Amino acid sequence: MLAGTAFAPGLLADQVAFVTGGGSGIGFAIASAYARLGARVVIASRKQATLDAAAARLAAEGAEVAAFQADVRSYEQVHEAVTRTVERFGALDILVNNAAGNFFCPTADLSANGWKTVVDIDLNGTFHCCRAAYAALKASRGGGRIISIITMNALSGWPGAAHAAAAKAGILSLSRSLAVEWGPDGIRSNTISPGPIADTEGVRRLYEDRGVAELERRRTALGRFGRTEDVANAAVFLASPLAAYVTGENLVVDGGRWLKHVAA
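The numbering of the sequence shown is full-length UniProt numbering, which starts it at 1 and goes up by one.
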């Protein structure tokens, strides 16, 4: 089932969404689902060629879409992309922080630069986007929404992923702080923790390249990897009026992988 098709048509009509890392994987699935439900969508990423290809696919689906190159590690680039979004569509209602960096590396072998790179992309990049989008989100007629994609790694210790787990845990704390601080401005802030999602860079790097994909599937309660549309549907829910009284929460979409980890 395509992401978003279980929801009422036009659920996100007249909304403008800004999705980082929107050129592929989970980010693209979220952008596609939002567009399918009536939102105008901006996708942002470092690689213009990837963005152009993704924008063409979305446009072919009937989406009203713009693609702006931006490296989330640079506040200036993010601010410019947000400014262009408001100039193009007149608003920014939904911010999806999806851009991320990760790789498997035991902490004893992790370089200072490797640590810094992941924290810069994941945690600092999320802050940059939230800060740059604040004024527009505050002005949103339906109330601004921030949805940050973290991982189940943020919820527990995870060998070989201390850098990403720490950055994602920081995003969770940031999201909850913003829920409290920006709630009076009508802004809701939530996170989604996906488990292993098939056909994504994360699964390729952490599981497939290391030859442990089948083992990880068996460690998931549902016995399979998730699909990008599983995460996209969760992002639709959190962006929609269905979640109007939900803020500061973390929605785990992992097929029971977290429960199996604890039980083990």
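Note that the Cβ used here is the ideal one computed from N, Cα and C, for glycine as well.
In this text the structure is predicted, and so the values were computed from the model without any measurement.
Sequence-distant residues of the same chain with beta carbon closer than 6 Å to residue i, five excluded per side
i: Val82; result: Ala132 and Ala133
i: Ala17; result: Tyr34, Ala39, Val41 and Ile94
i: Leu11; result: Leu37 and Ser240
i: Leu238; result: Ile147 and Asn190
i: Ala70; result: Ala44, Gln77, Val78 and Ala81
i: residue 265; result: This structure does not reach residue 265, given that the chain is present from 1 up to 264, and the question cannot be answered.
i: Tyr207; result: Ala213 and Glu216
Cβ-based burial, residue i [other Cβ within 10 Å; buried from 16]
i: Lys47; result: exposed
i: residue 266; result: Outside the displayed range of the chain (1 to 264) lies residue 266, so it cannot be described from this structure.
i: Ala154; result: buried
i: Val252; result: buried
i: Gly62; result: exposed
i: Val180; result: exposed
i: Ala59; result: exposed
i: Ala232; result: buried
i: Leu242; result: exposed
i: Gly144; result: buried
i: Ser193; result: buried
i: Ser156; result: exposed
i: Ala235; result: buried
i: Ala108; result: exposed
i: Ala136; result: buried
Own chain residues within Cβ distance below 7 Å of residue i, not counting five before or after
i: Gly21; result: Gly27, Ser45, Asn98, Ala99 and Ala100
i: Asp185; result: Lys138
Cβ-Cβ distance between residue i and residue j below 8 Å
i: Val72; j: His128; result: yes
i: Thr126; j: Leu174; result: yes
i: Gly202; j: Gly255; result: no
i: Ile146; j: Leu178; result: yes
i: Ile171; j: Leu123; result: yes
i: Ile30; j: Val119; result: no
i: Gly23; j: Thr200; result: no
i: Gly226; j: Ala244; result: no
i: Gly223; j: Arg217; result: yes
i: Ala55; j: Ala67; result: yes
i: Gly142; j: Gln15; result: yes
Residue i - containing beta strand (DSSP E), residue span
i: Ser193; result: Arg188 to Pro194
i: Ala67; result: Val65 to Gln69
i: Val236; result: Segment Thr228 to Ala239 is the alpha helix (DSSP H) holding Val236; no beta strand (DSSP E) there.
i: Asn250; result: Asn250 to Val253
Three-state secondary structure (DSSP) of residue i
i: Ser24; result: coil
i: Arg46; result: coil
i: Val212; result: coil
i: Ala133; result: helix
i: Val96; result: strand
i: Ser148; result: strand
i: Phe127; result: helix
i: Arg141; result: coil
i: Arg36; result: helix
i: residue 266; result: Residue 266 lies beyond the stretch modelled for the chain, which goes from 1 to 264, so this question has no answer here.
i: Ala53; result: helix
i: Val246; result: coil
i: Val41; result: strand
i: Ala198; result: coil
i: Val203; result: helix
i: residue 266; result: The question about residue 266 has no answer here: the residues shown for the chain are numbered 1 through 264.
i: Arg224; result: coil
i: Ala8; result: coil
i: Arg217; result: helix
i: Trp258; result: helix
Residue i - containing alpha helix (DSSP H), residue span
i: Val180; result: Ala162 to Trp182
i: Val78; result: Tyr75 to Phe89
i: Asn113; result: Ala112 to Val119
Other residues of its chain near residue i: CB distance less than 8 Å, five sequence neighbours each side excluded
i: Thr220; result: Gly195, Pro196, Asp254, Gly255, Gly256, Arg257 and Lys260
i: Leu110; result: Ala162 and His163
Interface flag, residue i vs chain D, CB-CB below 8 Å
i: Thr191; result: Included in the structure is just one protein chain, with no chain D present.
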